[in-house]
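Structure first, commentary second.
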Amino acid sequence: MPKRFDTEGTPFLFAPHSEGELDEYFSGDHEKSVSAVARDVIASLSESHDRLSGEVWYNFCYNQRRYKLTLMKFADTIVRADVTIKSIKSRLMKSEMENIELKQRIKELEGKK
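Going by my numbering, the first residue of the sequence shown is number 137, and it counts up by one from there.
What follows is the structure, encoded as structure tokens:
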């Protein structure tokens, strides 16, 4: 009997999940997942040469299921990268605010000398 959801190879974001499971997805470290999915996406490309110009071009190996999974993995990578970028930006902004506060504190202390 076939599985109700054939999720083998499907990125977690697109697989059926229970409530709350995506919290871990969005709060986790995405670096390993992004690099693994990027390797999978690149591995699914085939290299060809144009007959007239000789230029190299890339195409997805066409197999409807594999193509669909590749696009899902690509979308997953983009979402994870976006989440990571926003997390880094948030930490950077927090660090800059702390830096401003420390500079003000130093000026105050120097003024009291």
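Just so it is clear, CB atoms sit at the ideal spot from N, CA and C, and this is done for glycine as well.
Under the three-state DSSP convention, the category residue i falls into
i, result
"Asn199", "coil"
"Asp165", "coil"
"Gln247", "The amino acid occupying residue 247 in the given sequence is Gly; Gln does not appear at that position. DSSP places Gly247 in helix when its eight states are reduced to three."
"Ser180", "coil"
"Ala211", "helix"
"Glu155", "coil"
"Thr220", "helix"
"Ser206", "Here residue 206 is Thr; the residue named in the question, Ser, does not match the sequence. If DSSP states are grouped into helix, strand and coil, Thr206 belongs with the helices."
Beta-carbon proximity list for residue i, same chain, < 7 Å, skipping 5 on both sides
i, result
"Phe162", "Val219"
Per DSSP, cross-strand counterpart(s) of residue i
i, result
"Val192", "His185"
Contact with chain C by residue i, beta-carbon distance below 8 Å
i, result
"Lys248", "Absence of chain C from the displayed structure is noted, only one protein chain being present."
Same chain only: Cβ atoms within 6 Å of residue i, ignoring 5 sequence neighbours per side
i, result
"Arg216", "His166, Ser169, Val170"
Beta-carbon contacts of residue i that lie in its chain and below 8 Å, excluding the five residues immediately before and after
i, result
"Thr206", "Asp176, Val177, Ser180, Phe196"
"Phe210", "Val173, Val177"
"Asp212", "Pro147, Phe148, Leu149, Phe150, Ser169, Val173"
"Lys225", "none"
"Glu246", "none"
Whole-Å CB distance - residue i paired with residue j, under 8 Å assumed
i, j, result
"Phe250", "Met208", "Missing from the structure shown is residue 250; the chain here goes from 137 to 249 and no further."
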